[in-house]
Structures are given as C-alpha cells and as structure tokens.
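First up is the structure itself, then whatever we jot down about it.
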Amino acid sequence: MTIENLKYRFDGGKPTQGVTTIVGVLGSGNLEVMVEPAALGGACEIEVSTAAQGFGKTWQAVMKDFFARHRVGDIRISVNDAGATPAIVSLRLDQAIETYKGKGK
Amino acid sequence: MSRSYYESNARARIAGLLDANSFHEWLPAEARVTSPHLATLEQPAAFDDGVVIGQGSIAGKNIFIAAQEGGFMGGAVGEVHGAKIVGVLERAVRDHPAAVLLLLETGGVRLQEANAGLIAVSEVMRAILSARAAGVPVVVVIGGQYGCFGGMGIAARCASAIIMSEEGRLGLSGPEVIETARGVEEYDARDRALVWRTVGGKHRYLIGECDAIVPDSMEAFQQAIMTCIENGDDWSLEALKQEHQLLNERVKRFGTCKDGRDIWRELGWADPISIAMMDNDEFVKAAQGHRTKNN
C-alpha cells in the first residue's frame, strides 16, 4: 500500500473564523478531517493523504462541490483517508466545517 | 438523553465523561505528532496516532486522561501512541492529579511497528506502576467495540481498578488469535456467546478481574469512575498477598473447567445460562456472593 498525496486550493472564499477541529477517524472506509484557521488571503487549501490511489479526479470533484457549498476562506483542511466513498467524504467535510464554525462562536 | 460509551469515539468519550469544556489536550491533532514507522511503510497515519491525551476534571477533581481510538488500526499501540500514554502517567507522578483515567480500546501492539510497539507497551505497564507507587490511582475503562487485548490486557490489570460494561472485553490473546493458533475446534471466534462468556464484562466481573460493571452510558461510567477514585488504591503488601491467594484458589477451583458456564456454576449460579440475559442492575444484585471477590 502506498499513499497518494493531493493538494487543492480554492480562491475567493469568505474568511471564516473558527477553532481548530478534528472529526472522523482514520478507519477502513472512513477518514479524518482537520480544519485549522490559516491566513491564506481568503483561500481554502485542502491537503489529502489517501490510501486509495488513482482517484484524483473524484477528489477534485468532491472538493469543488464542497467549496461551492460553503465558500469558506482562510482555512486549511487536512484529510487522512482510508478509502472513504465520495458521499462519506462530503458528509465529513460538512461536519468538519459546521463543527469548526460552531466552536468559534 | 444517556449517551452510549460503546458507540462513541475516543474524543466523544472524553467529552462525555469529563466536566463540560474542562478538557485541555496535550499534543493535539494539529501538532501532527504522527507515526514515523507508518510513514516508512507508506501507510496512512492518524494526526494523533490513535490516542487522545490531556487533562480535565470530573466533578471538579483534576483528572489526567488517555483515550485510545479503536477505529484507527484497532487501537493498536505504536511507538508514538505508547509514548503519549507514558507521558500522561509520568506527568501524573510529577503533578499528582486525583487520578489517571485510561480509556482502553486496543488489540495490543501495532505489529507494523514491531519491537518499537512492544517496548511501548512494556513502558506503559511500568509507567502505570510508577503512577500508583506515587500515590496516583490509575483507573482503566473498557467498554468499546474492540475490547482490550494483547499486552494492553496485561497493562490494564496493572492498574488500580478496571471498570467494564457487559459489551467490553478483556483478554490476552483475542478470539481470532486463539482460533488461528489452536484451531476452530478449540475456539470458534465467530461464536459470540462463547467469546463473551470467555472475555466479556460479566465474566470478568464474576472472576474478579474487573472491579465494577456498569450499563453502557456515560453517566454510569462517570459514577463508577468517581467511586473508584474515592475508594483509593490499596497495594499494600497485605493486599498483594490477598490477590495472590485469590489467584491460587482460582487455579485450584476452576482449573478443570472447560467453559465460562462451568465456572459460573462452580460460583454457585444455579442457572448460568440466565446470566447472559440479565440487565446490569439485575446481574450485579444476583452476583452478590457469587463472584470470586466480595462486592
């Protein structure tokens, strides 16, 4: 098993305040998502480390959808994945962002 | 609403057991203290190496805590994971909290880390004993899906007290390991009733290996933890001699038993099969006078 590392950056998001958050577990078919505040000039940077190779295009699509849903900026998202399906990834990302924002209130 | 300990992950367990907002994490996920061994093997590594550690309070009492995440590699102990638990215990020797709480959920050594993992587990055992020697009670909680097995099963028994739920399992070799080594005729790991009457919470309670058995809710675990802390930690020479005597008697009394049910019968249960169906309160009441230790 080798790991594939993927990086995405989305510009033009709304700077979003919050407290560093981690949700999910790096278990089979699951993933952990960490959201941290970061001064990125309004950008959202996402780093994915996944055990499943060759799914770059799928990740790209899932992340693009995520950014379209939330348009969050000035945050860094780090993902450790153990073969989660796209639907699970989307739900975890939503959960992570909600928790991040909720804690920041 | 009472929340299930069994269904929660490590972080939710800490949040559920400690006073609200009292938890301060040491080496949190964002510190990214991850396993160097898994990186070498090109395996995904969790940000916290599968264990959450820190400080908080229960009913205002200062508590140090470590919670293993069973969902990550079965809670297996790697070098970093083990060092984090050891760090909590060594800090307890220095700072004297009211107790150290170990929420164990683990298959034991992380085999990918080989000797580093083995050494880590033995260091955890030594650190538990150091904390107890310094007068800090170490309370182990076992109530997760993956149980507590391997070297960490031994580590658990080095603690001051163990609290389990019926769903919890405690042992050395896990069911699959026994089946693989000795054959399915010896032990069928898929026979859940057999597994639970060998390593499950009720059996461990009856043979005196866990000190309290509770229903699967955060409140019940919390209450049992408070009681264990209040009871303190007796490991005087007298207490150790008594423990050894109990173990000697156990071998004599149950040495020829083939099944958990034989042991229960020997303990005076007229209808051992009924034990599995009892709810927790009913079971604890019925167990009075029918376990190797007094209640």
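Each protein sequence line maps, in turn, to chains A and B. When you line the first sequence up against our numbering, it's residues 1 to 105, in that order. When you line the second sequence up against our numbering, it's residues 1 to 295, in that order. In this text, a Cβ means the ideal position worked out from N, Cα and C, and glycines have one as well.
With residue 47 of chain B and residue 3 of chain A assumed to form a contact (beta carbons below 8 Å), what rounded beta-carbon distance in angstroms separates them?
The Cβ separation is near 14 Å, so there is no contact.
Using the beta-carbon of each residue, which ones in chain A are nearer than 7 Å to residue 16 of chain B?
What residue 16 of chain B touches in chain A: nothing, since even the nearest Cβ is about 16 Å away.
Taking residue 65 of chain A as the reference, which of A:5, A:34 and A:10 has the closest Cα?
It is A:10 whose Cα lies nearest to the Cα of residue 65 of chain A.
Would you check if the segment 156-166 of chain B and the segment 207-221 of chain B touch, i.e. whether three or more CB-CB distances between them fall below 8 Å?
Touching, yes.
Which residues share a DSSP beta bridge with residue 55 of chain B?
Beta-bridge pairing links residue 55 of chain B to B:24 and B:64.
Below 9 Å on C-beta distance, what does residue 149 of chain B contact in chain A?
By Cβ distance, chain A contributes nothing, its closest Cβ being about 17 Å from residue 149 of chain B, past 9 Å.
Determine the DSSP secondary structure at residue 30 of chain A, reduced to helix, strand or coil.
If DSSP states are grouped into helix, strand and coil, residue 30 of chain A belongs with coil.
Is residue 218 of chain B helix, strand or coil by DSSP?
It is helical.
If the cut-off is 8 Å on Cβ atoms, which residues from the segment 91-124 of chain B count as contacting chain A, listed in chain order?
Result list empty, no residue passes.
Indicate whether the contact test is met: 3 or more Cβ pairs, each with one atom in the segment 51-66 of chain A and one in the segment 10-25 of chain B, closer than 8 Å.
No, the segment 51-66 of chain A does not touch the segment 10-25 of chain B.
Mind the definition here: the segment 119-133 of chain B touches the segment 47-60 of chain B only if three or more C-beta pairs lie below 8 Å; say whether that holds.
Judged by Cβ distances under 8 Å, the segment 119-133 of chain B makes no contact with the segment 47-60 of chain B, as fewer than three pairs qualify.
From residue 207 of chain B to residue 193 of chain B, what distance separates their C-alpha atoms?
Near 17 Å, if we compare the C-alpha coordinates of residue 193 of chain B and residue 207 of chain B.
Excluding sequence positions up to five away, which residues of its chain have a Cβ less than 7 Å from the Cβ of residue 93 of chain A?
Result list for residue 93 of chain A: 33 and 66, in chain order.
Based on the DSSP output, what are the partners of residue 180 of chain B in its beta bridges?
According to DSSP, residue 180 of chain B bridges with nothing at all.
With distances taken from CA atoms, which of A:30, A:79, A:40 and A:8 is nearest residue 15 of chain A?
Out of A:30, A:79, A:40 and A:8, A:40 has the C-alpha closest to the C-alpha of residue 15 of chain A.
Taking the beta strand (DSSP E) that residue 8 of chain A falls in, what are its first and last residues?
From DSSP, the beta strand (DSSP E) with residue 8 of chain A extends over 4-10.
Tell me which residues share the same chain as residue 71 of chain B and place their Cβ nearer than 7 Å to its Cβ, disregarding the 5 neighbours each side in the sequence.
Same-chain partners within the cutoff: 9.
Using three-state DSSP, classify residue 15 of chain A as helix, strand or coil.
It is a strand residue.
So the alpha helix (DSSP H) residue 123 of chain B belongs to, where does it begin and stop?
Run containing residue 123 of chain B: 114-133, per the alpha helix (DSSP H) assignment.
Which residues does DSSP pair with residue 148 of chain B in a beta bridge?
The partner list for residue 148 of chain B (beta bridge, DSSP) reads B:106 and B:170.
Any beta carbon of chain B sitting closer than 9 Å to that of residue 26 of chain A?
For residue 26 of chain A, the answer is yes, since a Cβ of chain B falls inside 9 Å of its Cβ.
In three-state terms, what does DSSP make of residue 93 of chain B?
Helix.
Which residues of the segment 64-79 of chain B have a Cβ closer than 7 Å to any Cβ of chain A? Give them in chain order.
The residues in question are 69, 71 and 72.
With distance defined between alpha-carbon atoms, name the residue in A:38, A:36, A:81 and A:68 nearest to residue 124 of chain A.
Only positions 1 to 105 of chain A appear in the structure, and residue 124 of chain A is not among them; the question remains open.
State yes or no: is the beta carbon of residue 36 of chain A nearer than 9 Å to at least one beta carbon in chain B?
Closer than 9 Å to some Cβ of chain B, the Cβ of residue 36 of chain A qualifies, so yes.
Along chain B, which residues have their Cβ under 7 Å away from the Cβ of residue 74 of chain A?
Chain B residues near residue 74 of chain A: none, gap ~16 Å exceeds 7 Å.
Could you list which residues in chain B have their beta carbon closer than 7 Å to that of residue 32 of chain A, in chain order?
Going along chain B in sequence order, the residues near residue 32 of chain A (Cβ under 7 Å) are 46 and 47.
Which value, in whole angstroms, describes the spacing of the CA atoms of residue 43 of chain A and residue 5 of chain A?
For residue 43 of chain A and residue 5 of chain A, the distance between alpha carbons rounds to 19 Å.
When the Cα of residue 12 of chain B is compared with those of A:25, A:84 and A:20, which residue comes out closest?
The shortest C-alpha separation from residue 12 of chain B is found at A:25.
In chain order, what residues of the same chain lie with their CB nearer than 7 Å to the CB of residue 105 of chain A, ignoring the 5 residues before and after it?
Bear in mind that a pLDDT of 43 at residue 105 of chain A, under 50, signals an unreliable position, so the model cannot answer this.
Quick check: the Cα distance between residue 91 of chain A and residue 237 of chain B, rounded to an integer number of angstroms?
Their backbone Cα atoms lie some 55 Å apart in a straight line.
Name, going along the chain, the residues of the segment 164-190 of chain B whose beta-carbon falls closer than 9 Å to a beta-carbon of chain A.
Result list empty, no residue passes.
In chain B, which residues lie with their C-beta within 8 Å of the C-beta of residue 81 of chain A?
Those within 8 Å of residue 81 of chain A in chain B are 44.
Please list the residues of the segment 1-22 of chain A that have a C-beta atom closer than 8 Å to any C-beta atom in chain B, keeping them in chain order.
Here the close residues are 1, 2, 3, 20 and 22.
Can you name the residues of chain B whose CB is closer than 8 Å to the CB of residue 51 of chain A?
Going along chain B in sequence order, the residues near residue 51 of chain A (Cβ under 8 Å) are 43 and 44.
Between residue 30 of chain B and chain A, is there a C-beta pair that is closer than 9 Å?
Chain A contact via Cβ: present.
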